[in-house]
Amino acid sequence: MFVGGFATFAMLYATQPLLPLLTSEFGISPASASLSVSAGTAALALMLIPASVLADRSGREKVMKISLALAALIALACAAVNDFSQLLILRALLGASLAGLPAAAMAYIGEEVSPRAQGKAMGLYIAGNALGGMSGRVLSALLTDLGSWRIALLTLGLLGIVSAAVFWYRLPPSRHFQARAASISRIIDDARHISRDAGLPWLFLTALLAMGVFIGVYNYLGFRLLEAPFNLGQTAIGAIFLLYVVGSWASAFAGQLTDRFGRRKVQWVVVMIMISGLLLTLSDALALLIAGVAIFTFGFFATHSISSGWVARRGQERRGLATAIYLTFYYLGASLIGSLSGFAWSLGRWNGIAAVLGLCLLLLLAIVLRLKKLPADPA
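Spelled out as structure tokens, the structure:
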């Protein structure tokens with residue numbers, strides 16, 4: 001599962017450090033360039049629920065394997081595009097193909113791992129996401145500097161092929177999966193139960209806000225670092241994504257804290273950490289800015305690890321659909337807030353970005369404080 005999460009995020013966010021380059025290469029605006037990321041995340045969001053329904057019926061293991069293999073082939077094709085519109089189409093197809101893995105992954109862990117170890121297991125899977133996102137971005141930036149963005153995307157496609165092969169042959173078979181009919185009435189009934197849960201709808205909103213803010217920061221951080229007083233090059237900007245290693249550690253650490261102290265006592269603290277990190281990015285001192293991004297990244301991955309594990313817990317027998325809805329909000333946040341915050345960059349540069357994303361974080365804090373008052377989770 002770590003390998004699957006690694007490959008998913010390495011391919012999905014490969015173009016993020018290249019946004020300034022794509023802006024000049026294709027003569028488009030920063031907000032338009034960000035669509036190379038948002039097209040994939042939006043398509044993934046739209047396909048998560050259908051993929052979840054398919055996994056409930058056909059088996060989570062099968063859906064995850066096919067999803068990752070197909071996405072790797074599309075990632076290879078991205079290196080051969082002739083214009084930006086072709087790139088957007090392939091990036092959307094990539095996101096749609098990838099949907100099967102995250103749609104089934106949390107439910108698979110919820111079924112196959114002991115409840116006493118689910119926090120740690122979920123943290124490890126999210127850590128794979130973080131490390132994959134970091135490696136894909138850093139490798140993409142480095143290979144672009146050494147060769148071209150086409151070589152970078154080709155290499156990441158090959159990485160996806162290798163990861164898909166490992167995932168295909170090493171993933172343990174499902175032992176506790178029970179197929180559920182994919183009827184419309186059953187889906188509507190499950191959705192009704194989920195919407196009436198005291199915590200799940202609020203957890204879905206935490207996904208939208210946290211991921212939207214996170215992608216907003218990383219989408220436009222490169223534009224800021226290209227300008228004075230930093231004036232960094234492509235490889236140096238890509239190296240900022242090495243801070244994702246903090247996210248890998250944060251996910252596993254948050255899982256351990258959750259198993260020990262409970263989600264309610266930990267989640268609001270890590271949201272405050274996100275806010276603190278964002279404030280530090282306002283500094284024009286590079287060391288403080290990097291420290292701020294590291295702190296912010298820690299808080300985000302800890303928040304996501306806690307919320308996603310909580311959804312799998314509260315979803316019970318409907319955990320497949322519940323986690324799919326959670327991830328739909330998660331990737332919609334990446335697409336909507338991640339791209340729309342580009343207008344804040346046009347109006348107020350980084351201060352505008354920080355103001356808009358800061359408001360989103362305050363709303364997130366209000367939600368997690370509400371979640372802190374929830375009664376005990378369902379047994």
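Here full-length UniProt numbering is used: the first residue of the sequence shown is 1, the next is one more, and so on. Ideal Cβ placement from N, Cα and C applies to all residues, glycine included.
Check	Outcome
Applying the criterion that 16 or more other CB atoms from any shown protein chain within 10 Å of the CB defines a buried residue, is residue 408 buried or exposed?	Because the chain in this structure spans residues 1 to 379, residue 408 falls outside the shown range and cannot be described.
Please return the same chain residues whose Cβ sits closer than 6 Å to the Cβ of residue 119, not counting the five positions on each side in sequence.	255, 258, 259 and 309
With a threshold of 6 Å on Cβ separation, who are the neighbours of residue 108 within its own chain once the five nearest residues in sequence on each side are excluded?	60
With DSSP collapsed to three states, give me the class of residue 139.	helix
Between residue 136 and residue 306, what straight-line distance do the alpha-carbon atoms span, to the nearest angstrom?	24 Å
Tell me which same chain residues have a C-beta within less than 7 Å of the C-beta of residue 70, skipping the five on either side of it?	97
If contact is defined by three or more beta carbon pairs under 8 Å, each pair taking one atom from either stretch, is the region 341-355 in contact with the region 184-192?	no
Could I get the ranges of all uninterrupted alpha helix (DSSP H) runs contained in the region 108-188, with 4 residues as the minimum, in chain order?	118-146 and 149-170
Express the C-alpha separation of residue 105 and residue 113 in angstroms, rounding to a whole number.	12 Å
Ignore the nearest five residues each way along the sequence and tell me which others in residue 356's own chain have a CB closer than 6 Å to its CB.	341 and 344
Is it true that the CB of residue 298 sits closer than 8 Å to the CB of residue 132?	no
Mind listing, in chain order, the continuous alpha helix (DSSP H) runs of no fewer than 4 residues lying wholly within the region 58-94?	60-77
Nearest-angstrom Cα distance between residue 27 and residue 103?	35 Å
Looking at the unbroken alpha helix (DSSP H) that takes in residue 333, where does it start and where does it end?	319-371
So for residue 219, helix, strand or coil by DSSP?	helix
If residue 250 sits next to residue 301, beta carbons under 8 Å apart, how far is it from one beta carbon to the other, in whole angstroms?	4 Å
With respect to the alpha helix (DSSP H) encompassing residue 298, which residues constitute its N-terminal and C-terminal limits?	286-315
When burial is assigned at 16 or more other CB atoms within 10 Å of the CB, is residue 86 buried or exposed?	exposed
Measuring straight from C-alpha to C-alpha, what distance separates residue 218 and residue 16?	8 Å
Using the beta-carbon count (16 or more within 10 Å), is residue 330 buried or exposed?	buried
Apart from the five residues on each side of it in sequence, which residues of its chain come closer than 8 Å, Cβ to Cβ, to residue 202?	367, 370 and 371
Between which two residues does the alpha helix (DSSP H) harbouring residue 273 extend?	263-280
Going by the CB atoms, is the gap between residue 292 and residue 37 shorter than 8 Å?	no
Does the distance from the CB of residue 431 to the CB of residue 157 come in under 8 Å?	The question about residue 431 has no answer here: the residues shown for the chain are numbered 1 through 379.
Buried or exposed: where does residue 379 fall if 16 or more other Cβ atoms within 10 Å of its Cβ makes it buried?	Residue placement at residue 379 cannot be trusted, given a pLDDT of 47 that sits under 50; what the coordinates show is reported in the next sentence. So residue 379 counts as exposed.
Classify residue 13 as helix, strand or coil using the three-state DSSP reduction.	coil
Using C-beta distances below 8 Å, list every residue in its chain close to residue 64, excluding the 5 sequence neighbours before and after it, in chain order.	4, 55, 100, 101, 104, 105, 108, 167 and 171
Taking residue 274 as the reference, which of 266, 39 and 295 has the closest Cα?	295
Once the 5 residues before and after residue 235 are set aside, which same chain residues still bring their CB inside 7 Å of it?	141, 142 and 145
Under the three-state reduction of DSSP, which class applies to residue 197: helix, strand or coil?	coil
What number of angstroms, rounded off, separates the C-alpha of residue 192 from the C-alpha of residue 214?	30 Å
Determine the extent of the alpha helix (DSSP H) in which residue 242 is found, giving its start and end residues.	Neither: residue 242 is in no alpha helix (DSSP H) and is coded neither H nor E.
Looking at C-alpha atoms only, which residue of 67, 43, 206 and 117 is the closest neighbour of residue 363?	206
Near residue 253, what residues of its chain come up, given a Cβ to Cβ distance below 8 Å and the 5 sequence neighbours on each side ignored?	123 and 302
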